[in-house]
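The block underneath contains the structure these notes are about, expressed in structure tokens.
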Amino acid sequence: MPASLRDQFQICSSVDQLEKFISLDVLPSEYGGKCPFKLGEAEEEVGLRTLVMKNNAAADVARAVST
Numbered sequence: 010m011p012a013s014l015r016d017q018f019q020i021c022s023s024v025d026q027l028e029k030f031i032s033l034d035v036l037p038s039e040y041g042g043k044c045p046f047k048l049g050e051a052e053e054e055v056g057l058r059t060l061v062m063k064n065n066a067a068a069d070v071a072r073a074v075s076t
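In my numbering, the protein residues as written are 10 to 76.
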């Protein structure tokens, strides 16, 4: 792994350390945060997943038509 990418990772051994990088307001409660949604269930995450699936389906159709 290139050093430029490796240097972007932080290993945290406690929620207090993690809070320096991620607000507890967006961290799901099962990981020690205050967000009421489980991982993957927040409105933004559901919307992004829907968009990715739609775009992937459109790309699959485009590939099928071009071959």
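Note that beta-carbon positions come from the ideal geometry of N, C-alpha and C, so glycine has one too.
Query - Limits of the alpha helix (DSSP H) - the one that residue 67 falls within - result: Annotation for residue 67: the continuous alpha helix (DSSP H) segment containing it runs 52 to 75.
Query raised in the report: Tell me the DSSP bridge mates of residue 21?
Result: DSSP, once it has assigned bridges, lists no residue as partnering residue 21.
**Report entry** Burial state of residue 42 (16 or more Cβ within 10 Å)
**Finding:** Residue environment analysis places residue 42 among the buried positions, since at least 16 neighbouring C-beta atoms fall within 10 angstroms of its C-beta.
**Report entry** CA-to-CA distance, residue 62 to residue 49, given in whole angstroms
**Finding:** Rounded to the nearest angstrom, the two C-alpha atoms are 14 Å apart.
Query raised in the report: Between the Cα of residue 39 and the Cα atoms of 29, 24, 70, which residue gives the shortest distance?
Result: Per the Cα distances, 24.
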